[in-house]
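Residues in the sequence shown are numbered from 295 upward in steps of one, following this note's numbering. Just so it is clear, CB atoms sit at the ideal spot from N, CA and C, and this is done for glycine as well. In this text, all values refer to a predicted model and were calculated from it rather than measured experimentally. Please read the structure below before turning to the comments.
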Amino acid sequence: MLLNMKLIIATPSPYARKVRVVLHEKNIKFEEIIDVPWNRDTLTKNLNPLGKIPILIEDGGEPLFDSKVIVQYLDNRFPNPLFYPAAPTENVSAKLVEAAADGVSDALVLIYLENSRQEKLRSSDWIDRQTTKIYRGVQYLSEYLGTKQFFVGGHFTIADVSAFSCLEYLDLRFPKFNWKIEYPNLKNYWDMHKTRRSYSETKPKTQIIETMAN
295 MLLNMKLIIA TPSPYARKVR VVLHEKNIKF EEIIDVPWNR DTLTKNLNPL GKIPILIEDG
355 GEPLFDSKVI VQYLDNRFPN PLFYPAAPTE NVSAKLVEAA ADGVSDALVL IYLENSRQEK
415 LRSSDWIDRQ TTKIYRGVQY LSEYLGTKQF FVGGHFTIAD VSAFSCLEYL DLRFPKFNWK
475 IEYPNLKNYW DMHKTRRSYS ETKPKTQIIE TMAN
C-alpha cells in the first residue's frame, strides 16, 4: 500500500497510541513524527487549533486530529479490519468503552499537567476530583469486561485498543493505583493481549515537558 502518511505523536500519549495500533493492525505504513504538544515550539500549534495530538497528515489532504476522527477515517478508507463495528449495538458498546477509557486517560493527563505547574499553584481539590474519575472509570471497564476475552462482540475492536492503551498509561502516570491487584479480570485481559505485535511496537514512553509558569 503506497501511501504518504505522517502521524504526529507524543510517545506517552494513549490517544496517539490508539491510532498507531490501528495503523499497524491495518498494515498501513506511516512515518511517526514525535512532538511535545505542551512545549512552546510544538508542531501542533500550526496543525490543530486545539494544540493536541495525534494529527494525521497525508499529501493533498487537510490535517486530521482527534483519535476518534482519525480511526473512523481509517475505518472508512481501509475497512479491513474494521475497528468500529458495523452492527449498531456493538458499535455503541465499543464507543462507550472507548469513551470511558479516554475519560480515564483525560483525568491522568490533567493530573500530570497540574503536577507540572509550580507547586504553590497546584490544586489538591482538582487532583482529587480527577483521581475519583480514574478509580470509577477503571471499575467501569472491569465490570464491562467481566470474564470476556474481548470487550465487545467477541472480537478485537476500538474498545480493546482504547482500554489497553488506558491501562498501560495508568502504569506510566499513576503507578500507585495497582489495578492489576484490584481487578484480576483486567490483569488476565492484559496478560492475554500484551504480546500482540501492535501493542509491543507502540509501548508508551515518558517525555520531558517544560515547567508551566501558571
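- Glu437: member of the alpha helix (DSSP H) spanning Ser418 to Leu439, first to last residue.
- Remark: fewer than three beta-carbon pairs, one from each stretch, lie closer than 8 Å, so the stretch 444-451 and the stretch 409-427 are not flagged as touching.
- DSSP, read as helix, strand or coil, puts Lys389 in helix.
- Under a 10 Å Cβ-count criterion, Lys346 is classified as buried, with 16 or more other Cβ atoms of the shown protein chains found around its own Cβ.
- In this structure, DSSP gives Leu358 an extended state, which the three-state scheme calls strand.
- Beta-bridge partners of Ile351 (DSSP): Lys300.
- Using a Cβ distance threshold of 8 Å, Phe372 and Lys320 count as a contacting pair.
- Per DSSP, the unbroken alpha helix (DSSP H) holding Ile475 starts and ends at Trp473 to Glu476.
- Inter-residue distance for Val316 and Val365 is about 7 Å (C-alpha atoms, whole angstroms).
- Leu415 sits away from Tyr483, with the two beta carbons spaced by 8 Å or more.
- With contacts defined by Cβ atoms closer than 8 Å, Val391 and Ser456 form a contacting pair.
- In the DSSP secondary-structure assignment, Ile327 is bridged to Ile302.
- Looking at the backbone, the Cα of Lys488 and that of Phe458 are separated by about 8 Å.
- For Phe458, the enclosing alpha helix (DSSP H) begins and ends at Ile452 to Arg467.
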